[in-house]
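Q:
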Amino acid sequence: FRAVFVIPDTHIHTHTHTHSLACLYLGPVVVQSGTDAVLKCQIGGDPRPAVIWERNNEKIDPQGRYRVFEDGNVYNLIISAVTTEDSGQYICKLREENKPRFLIKPLSTRAGRGEDAVFSCKLWGTPRPEVVWEKDGRKLNEIFESTHFSVGYQDGGWFQLKIFKTRAPDGGVYTCKARNEFGEALAGAVLLVDGKSRSFSELKTHIANVTLSFVLILLSLKALVESTSLVW
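For the sequence shown, counting from 1, position 182 maps to 182 in full-length UniProt numbering; every step adds exactly one.
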């Protein structure tokens, strides 16, 4: 008896955010029942891709009679002591393992006291990374009331932090930490809250206006006195 392993004899070219690939299945395999079968798939890519094998659209768990290994850019599946029941279509597929990385990092910003401040960043990762925002090394929910900030996600990998009605203590270093099962990434930005300097400038302007008004009043009184003559 012979076991027939059908592997599509075709070239596949594909491109993703993290891989530029040329994939080649090395043809059908026919082996004698009771012997070992070696199935091969050649994939070139940078960075080096991870793969999984499927049989009739079901993932193969590489244990027992199934073993996998790599030889350069050739990925191999070995099936020990094959039987006719092992016949079928075997597919070598890319495994999506992309640790988070920043496509656009958050930018430092400044806001007047009482104004809203917004940090935005764009992330890539599979599966979609979980994001945590921190200020000066502490999680926001540990130092801010829940009504003082909000975090959100938009399609396309955009993550956002918004701080409502900024106060002087809100100034500092804000860090976006992204993590999934394959790794993590972080990026930081600075928030400057213009509170003291703006108030001092406004105070100087106010003092100057008051002083000018006082001087004008004195000049008016002096002119009035000089223009008045008394007769006894």
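Think of the CB as a built atom: it goes at the ideal place given N, C-alpha and C, for glycine as much as any other residue.
Only a predicted model underlies this, so the values are computations on that prediction, with no experimental measurement involved.
Any idea which residues DSSP pairs Phe102 with across the strands?
A: For this step, residue 102 is matched to residue 102 along the sequence shown. Bridge partners of Phe102: Leu123.
Q: CA-CA distance, Gln154 and Asp170?
A: Indexing the sequence shown from 1 puts residue 154 at position 154. Indexing the sequence shown from 1 puts residue 170 at position 170. Taking the straight line from one Cα to the other gives about 25 angstroms.
Q: Going straight from the alpha carbon of Val190 to that of Val131, what length do you get?
A: In the sequence shown, counting from the first residue as 1, residue 190 sits at position 190. In the sequence shown, counting from the first residue as 1, residue 131 sits at position 131. Approximately 18 angstroms between the Cα atoms of the pair.
Q: Residues in its own chain within less than 6 angstroms of Glu134 by CB, not counting five upstream and five downstream?
A: By 1-based counting over the sequence shown, the position of residue 134 is 134. The answer, listed in chain order, is Thr175.
Q: To the nearest angstrom, report how far apart Asn73 and Thr35 are at their CA atoms.
A: Here residue 73 is taken as the residue at index 73 of the sequence shown, counted from 1. Here residue 35 is taken as the residue at index 35 of the sequence shown, counted from 1. Cα to Cα, Asn73 sits roughly 25 angstroms from Thr35.
Q: Grab me the residues of Lys165's own chain with a C-beta within less than 6 angstroms of its C-beta, minus the 5 sequence neighbours each way, in chain order.
A: The count along the sequence shown starts at 1 and reaches residue 165 at position 165. Cβ neighbours of Lys165 beyond the five flanking positions: Gly114.
Q: Check for me: the alpha helix (DSSP H) holding Glu142 runs from which residue to which?
A: Walking along the sequence shown from the start, residue 142 turns up at place 142. Residues 140 to 143.
Q: Is Thr147 helix, strand or coil when you go by DSSP?
A: Translated into the one-based positions of the sequence shown, residue 147 becomes position 147. Three-state result, Thr147: helix.
Q: Taking the Cβ atom as the reference point for each residue, do Ala50 and Leu123 lie within a distance shorter than 8 angstroms?
A: Along the sequence shown, read from residue 1 onward, the residue named residue 50 stands at position 50. Along the sequence shown, read from residue 1 onward, the residue named residue 123 stands at position 123. Result no, Cβ atoms of Ala50 and Leu123 do not sit closer than 8 angstroms.
Q: Within 7 angstroms: the Cβ of Tyr66 and any heavy atom of the ligand MN?
A: Among the components modelled here there is no ligand, and therefore nothing to report on the ligand MN.
Q: What's the gap between the Cα of Phe149 and the Cα of Leu77?
A: The count along the sequence shown starts at 1 and reaches residue 149 at position 149. The count along the sequence shown starts at 1 and reaches residue 77 at position 77. Using only the alpha carbons, I get a separation of about 51 angstroms.
Q: Helix, strand or coil for Trp232? Go by DSSP, reduced to three states.
A: Within the sequence shown, the letter at position 232 stands for residue 232. Reliability of the predicted coordinates at Trp232 is poor, the pLDDT of 42 falling under 50, and the value obtained from them is presented with this limitation in mind. Three-state DSSP puts Trp232 in coil, outside helix and strand.
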